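Using the numbering used here, read the sequence shown as starting at 28 and increasing by one per residue. I have placed the structure first, in the form of structure tokens, so that the comments after it can refer back to it.
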Amino acid sequence: MAQGAPSWFSLGVRHALGIATLVTTVTTAAAGLSGARGTTHDTAASIGVGPHLGPAALRFGRSVGSPTAGHLIGGAHLDETSYLRVEPADAEGDVRWGLEPLVAMLDRAARAVDRQFPGAVTTFGHLSRHGGGDVERHRSHESGRDADVGFFVRSALSSGAHQVFAPHFVAFRADGTAPTWPGAYFDDAKNWAFIAALVSDPEARVTHVFVAAPLRARLLAHAEQMGAPLALRIRAAQVMRQPHGALPHDDHFHVRIACPAQMAGCVENPEPPARAAGAAAGSTGRALGPRGAEHAAGRRS
Ligand SMILES: [Zn+2]
């Protein structure tokens with residue numbers, strides 16, 4: 028994206044908002060900027076967006092239902108850029124759609140890390156499917172408000188370290204090393220920069236960042252050591268948590284945003300676990316690769 032382009036276009040996202048007025052306004056520019064890929068504009072009538080739903084619906088599309096029982100209307104697509112990659116193991120099926128505020132926030136956060144650490148690339152796993160609904164191996168991710176984000180990983184603890192990448196999420200221990208990846212280290216500085224950007228986002232409000240407790244502790248310790256503002260550290264401490272009754276999230280962040288204000292039909296909290304567990308029992312799974320047992324034992328959030 029060109030420097031100086033309107034912020035709406037500098038997000039690196041492909042919009043499929045079914046907004047007649049927005050489409051009319053931006054058609055010319057969009058044709059030049061996103062080309063043939065941006066062809067999934069639905070009409071306002073076909074997706075049921077009407078004036079009774081208020082301004083939030085017109086701008087964002089709609090998250091309908093809850094993270095564990097819902098769908099997504101008029102989502103935005105998270106596109107790969109120079110500072111944003113898709114984890115190869117999760118690339119299949121294009122599960123990278125979300126409510127516009129989520130997608131825009133993720134893009135802003137990735138850009139913020141790249142600004143602070145030139146050349147840094149943020150790794151993303153699943154968001155939601157186009158239209159939302161069930162995503163295999165996840166309990167949530169149904170309503171366009173959830174995203175999985177890979178950790179930033181460095182090659183060494185020394186100052187000469189560089190960012191390294193894996194084809195799938197890799198678990199890290201409390202000491203910052205990875206049992207399955209000798210020589211790789213959890214990058215406290217970049218991971219904190221990403222979390223700081225999320226919780227400082229000017230538009231979307233993050234309600235949860237699921238992450239294993241020892242890694243949460245590492246990030247908060249790093250933030251304190253580098254002199255991050257107290258308010259920022261408190262906010263990060265409030266949203267980061269290791270979930271109960273789910274995988275520990277020692278190999279990725281799971282990020283969730285709140286329902287935007289005035290979004291009719293958006294349900295803030297997931298279904299009760301008992302119901303979700305019943306749904307999980309009916310899923311058959313597939314060949315899962317090296318982490319198959321882990322996923323068979325419990326689905327990702
Ligand atoms: Zn997740």
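Even for Gly, the Cβ is constructed at its ideal location relative to N, Cα and C. Keep in mind the model is a prediction, meaning the values are calculated, not measured.
Inter-residue CB distance, residue i and residue j (contact presumed, cutoff 8 Å)
i           : j           : result
residue 140 : residue 153 : So it is not a contact: roughly 20 Å between Cβ atoms.
residue 206 : residue 198 : 7 Å
residue 221 : residue 242 : Incorrect: roughly 12 Å between the Cβ atoms, too far for contact.
residue 171 : residue 125 : 5 Å
residue 246 : residue 218 : 6 Å
residue 233 : residue 280 : Contact flag wrong, Cβ pair sits at about 10 Å.
Proximity test, residue i beta-carbon vs ligand 1 heavy atom, cut-off 6 Å
i           : result
residue 175 : yes
residue 235 : no
residue 155 : no
residue 328 : yes
residue 104 : no
residue 271 : no
residue 195 : no
residue 281 : yes
Nonlocal neighbours in the same chain, by C-beta distance under 7 Å from residue i, ignoring five residues either side
i           : result
residue 146 : none
residue 109 : none
residue 239 : 269, 275, 276 and 277
residue 167 : 94, 95, 173, 297 and 328
residue 158 : 98 and 99
residue 294 : 92, 93 and 97
residue 260 : 247, 250 and 251
residue 264 : 247
residue 143 : 220
Any chain C beta carbon closer than 7 Å to residue i
i           : result
residue 167 : No chain C is present in this structure, which holds just one protein chain.
Alpha-carbon to alpha-carbon, residue j and residue i
i           : j           : result
residue 196 : residue 292 : 33 Å
residue 277 : residue 176 : 12 Å
residue 226 : residue 137 : 13 Å
residue 183 : residue 204 : 10 Å
residue 115 : residue 179 : 15 Å
residue 287 : residue 223 : 20 Å
residue 89  : residue 267 : 26 Å
residue 251 : residue 230 : 25 Å
residue 165 : residue 285 : 19 Å
residue 299 : residue 92  : 13 Å
residue 105 : residue 258 : 29 Å
residue 249 : residue 181 : 15 Å
residue 283 : residue 101 : 18 Å
residue 272 : residue 103 : 30 Å
residue 121 : residue 155 : 9 Å
residue 113 : residue 191 : 14 Å
residue 290 : residue 107 : 28 Å
residue 128 : residue 134 : 10 Å
residue 130 : residue 185 : 33 Å
residue 123 : residue 160 : 13 Å
residue 119 : residue 210 : 28 Å
Residues near residue i by beta carbon distance below 6 Å, same chain, minus five either side
i           : result
residue 262 : 226
residue 330 : No statement about residue 330 is possible, as the shown extent of the chain runs from 28 to 328 and does not include it.
residue 111 : 137 and 149
residue 201 : 241
residue 256 : none
residue 117 : 152 and 153
residue 208 : 197
Neighbourhood of residue i by C-beta distance below 8 Å, restricted to the same chain and skipping five residues each side
i           : result
residue 253 : 216 and 219
residue 189 : 181 and 182
residue 244 : 201
Any non-hydrogen atom of ligand 2 closer than 6 Å to residue i Cβ
i           : result
residue 241 : Within the structure as shown, ligand 2 is missing, the only ligands being ligand 1.
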